[in-house]
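J.: Numbering (our numbering), first residue to last: 2 to 163.
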Amino acid sequence: NAKTPSKRFPVTGIAGKAGFTVVNLSCARMDKTKTGYAVMQVLKKYGVGLENLPCSIDTMSCVVSADQVKSKLADILSDLKKECGLDIGGINVISGISLIATVGTNMRSTPGVSGRQFDALGRAKINVHLISQGSSETNITIGVKDEDRERAIRTIYREFFI
């Protein structure tokens with residue numbers, strides 16, 4: 002008795018992938034242009050692709066493949082601290098993250114989709130480490146611990162389709 006995706010049910014798909022590392026950079030009054038450029042240069046130097054780059058007022062989170070940074074992480078962190086002018090407290094790493102994308106073209110015209118998703122995840126006691134909404138408002142990407150990925154996908158699915 003699954004719900005049919007439509008204007009009434011704005012989510013049309015949910016997908017997840019494990020195996021990411023998040024490098025969080027923070028400093029007061031962060032210059033996003035300078036920091037973003039430095040991040041791209043450092044990652045390029047080490048041949049690491051950028052999966053996602055959510056930002057807030059004073060933070061930037063670099064989501065990268067754990068496999069790509071495994072043997073290079075210490076050097077990458079050292080270069081990021083130097084290039085971004087961060088002190089020791091301005092950078093931290095979260096390993097073992099899965100990205101989950103909730104998508105649907107009707108999400109942009111339906112208030113409360115993200116609220117429903119986060120409420121359902123909260124009731125399921127799943128901690129969200131990362132949030133990013135695309136500018137088109139047709140997707141919400143979250144980061145959860147790898148061990149919570151399948152349960153998070155099922156929780157979101159139940160919220161929107163059952």
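All C-beta atoms in this analysis are idealised placements derived from N, C-alpha and C, irrespective of residue type, glycine included.
1. Given this structure, state the Cα-to-Cα distance separating Thr-106 from Glu-151, to the nearest angstrom.
2. Whole angstroms is fine: what's the gap from Arg-30's alpha carbon to Ser-96's?
3. Short check: CB of Cys-63 to CB of Leu-54, under 9 Å?
4. Would you call the region 141-148 and the region 18-33 touching, i.e. three or more CB-CB distances under 8 Å?
5. Since I believe Gly-86 is in contact with Ser-27 (beta carbons under 8 Å), could you give me their beta-carbon distance rounded to a whole number of angstroms?
6. Can you tell me which of Gly-113, Met-61, Thr-139 puts its alpha carbon nearest to the alpha carbon of Val-104?
7. Please list the terminal residues of the continuous alpha helix (DSSP H) segment that includes Leu-74.
8. Since Val-43 contacts Val-65 with CB under 8 Å, what's their CB separation in whole angstroms?
9. According to DSSP, simplified to helix, strand and coil, what is Phe-21?
10. Quickly, what does DSSP pair Met-31 with across the bridge? List them, please.
11. To the nearest angstrom, how far is the alpha carbon of Arg-155 from that of Met-61?
12. State yes or no: is the C-beta of Ser-175 within less than 9 Å of the C-beta of Lys-18?
13. Mind checking Ala-39: buried by the 16 CB within 10 Å criterion, or exposed?
14. Comparing C-alpha positions only, which one of Arg-117, Arg-109, Val-70, Ile-157 sits nearest to Ser-137?
15. If we count the other Cβ atoms within 10 Å of its Cβ and call it buried at 16 or more, is Thr-36 buried or exposed?
T.: According to the data block:
1. Here residue 106 corresponds to residue number 105 of the sequence shown, with the count starting at 1. Here residue 151 corresponds to residue number 150 of the sequence shown, with the count starting at 1. Those two C-alpha atoms are separated by around 24 Å.
2. Working through the sequence shown from its first residue, we reach residue 30 at position 29. Working through the sequence shown from its first residue, we reach residue 96 at position 95. CA-to-CA, the gap between Arg-30 and Ser-96 works out to about 26 Å.
3. Residue mapping note: residue 63 aligns to position 62 of the sequence shown, counting from 1. Residue mapping note: residue 54 aligns to position 53 of the sequence shown, counting from 1. For the 9 Å CB-CB criterion, Cys-63 and Leu-54 form a contact.
4. Touching, per the Cβ criterion.
5. Translated into positions along the sequence shown, residue 27 becomes position 26. Translated into positions along the sequence shown, residue 86 becomes position 85. For Ser-27 against Gly-86, the beta-carbon gap comes to about 12 Å, at or over 8 Å, which does not count as contact.
6. Numbered from its first residue, the sequence shown carries residue 104 at position 103. Val-104 has its Cα closest to that of Thr-139, out of Gly-113, Met-61, Thr-139.
7. The residue given as residue 74 occupies position 73 in the sequence shown. In the DSSP assignment, Leu-74 falls within the unbroken alpha helix (DSSP H) covering 74-85.
8. Your numbering for residue 43 matches position 42 in the sequence shown. Your numbering for residue 65 matches position 64 in the sequence shown. Actually they are not in contact, since the Cβ atoms of Val-43 and Val-65 sit about 11 Å apart, beyond 8 Å.
9. Here residue 21 is taken as the residue at index 20 of the sequence shown, counted from 1. Here DSSP, grouped into helix, strand and coil, assigns Phe-21 to strand.
10. In the sequence shown, counting from the first residue as 1, residue 31 sits at position 30. For Met-31, DSSP assigns no beta-bridge partner whatsoever.
11. The residue labelled residue 155 in the question sits at position 154 within the sequence shown. The residue labelled residue 61 in the question sits at position 60 within the sequence shown. If I take the Cα positions, the gap works out to 29 Å.
12. Residue 175 lies beyond the stretch modelled for the chain, which goes from 2 to 163, so this question has no answer here.
13. Walking along the sequence shown from the start, residue 39 turns up at place 38. Ala-39 comes out buried.
14. Numbered from its first residue, the sequence shown carries residue 137 at position 136. Proximity to Ser-137 across Arg-117, Arg-109, Val-70, Ile-157 peaks at Arg-109, based on C-alpha coordinates.
15. Counting from one through the sequence shown, the residue named residue 36 turns up at place 35. Burial call: buried.
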